[in-house]
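Colleague: A single structure is presented below for examination.
Residue numbers (the working numbering): -5 to 197.
Here it is as structure tokens:
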């Protein structure tokens, strides 16, 4: 979630600029599709991890069965959204995110029963979510400011993403969403810890 949340918020905030940068696509529909579909980043991250966890505790069949159930419900929702709500291509994006969400829910139930493990909601979801929201505001403001000053989408996207990453890391450290143990597991983690400690960001 340390990576999934900021990726999701970043894609939502910079959806249109990213589409323009990568594909020279300025159609508002493309940007809106990316915004709607960005939530799937979080859901697919959780579902992929839960699939691996279930396989690791010798529950090999459960992820397959859950995937089949989610696929059937995914198709049902897709048909409903297209036939009754006339969402067209948006229906595909929404149904895709819905499939991943279902996998999260379906996998979580047998995982909890088998392992009796409890997640720390605060450190797993709340702190990354809050930090990502603050990051999103900064990214949006920096992007808009740079566009007014330079009118360069490439420059504005790159700098706003870099600024967002810095702000996110600082807020996560201040809220104790990232611990010394987390940093030490990163490449060159010991050097990162030294720098962060000198900045008095690691509590």
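Glycine included, each C-beta is placed from N, C-alpha and C at the ideal position.
Small disclaimer: the values here were computed from a predicted structure and weren't measured.
Which ranges would you report for the alpha helix (DSSP H) in the stretch 72 to 158 if only whole runs of at least 4 residues count?
Modeller: For the stretch 72 to 158, whole alpha helix (DSSP H) runs of length 4 or above, ordered along the chain, are 83 to 109 and 121 to 144.
Colleague: With 16 as the cutoff for other CB atoms within 10 Å, does residue 9 come out buried or exposed?
Modeller: Buried: at least 16 other Cβ atoms inside 10 Å.
Colleague: Note down the Cα distance separating residue 49 from residue 57, rounded to an integer number of angstroms.
Modeller: Between residue 49 and residue 57, the C-alpha separation is close to 8 Å.
Colleague: Let me make sure I understand the geometry here. Which of 20, 110, 41 and 186 has the alpha-carbon closest to that of residue 203?
Modeller: It is not possible to answer for residue 203, since the shown part of the chain is limited to -5 through 197.
Colleague: Would you say the stretch 29 to 43 touches the stretch 170 to 178, given that touching needs at least three Cβ pairs under 8 Å?
Modeller: They do not touch, by the three-pair rule.
Colleague: Measuring straight from C-alpha to C-alpha, what distance separates residue 192 and residue 165?
Modeller: Near 16 Å, if we compare the C-alpha coordinates of residue 165 and residue 192.
Colleague: Does the distance from the CB of residue 6 to the CB of residue 32 come in under 7 Å?
Modeller: Yes, the Cβ-Cβ distance between residue 6 and residue 32 is below 7 Å.
Colleague: Looking only at its own chain, which residues have a Cβ that is under 8 Å from the Cβ of residue 116, when we skip the five neighbours before and after it?
Modeller: None.
Colleague: From which residue to which residue does the alpha helix (DSSP H) around residue 185 run?
Modeller: Unbroken alpha helix (DSSP H) run through residue 185: 183 to 192.
Colleague: I need the DSSP call for residue 32, collapsed to helix, strand or coil.
Modeller: Of the three classes helix, strand and coil, the one that applies to residue 32 here is coil, per DSSP.
Colleague: Ordered along the chain, which non-local residues of its own chain (more than five positions away) have a Cβ less than 6 Å from that of residue 85?
Modeller: Excluding sequence neighbours, residue 85 sits near 72, 75 and 76.
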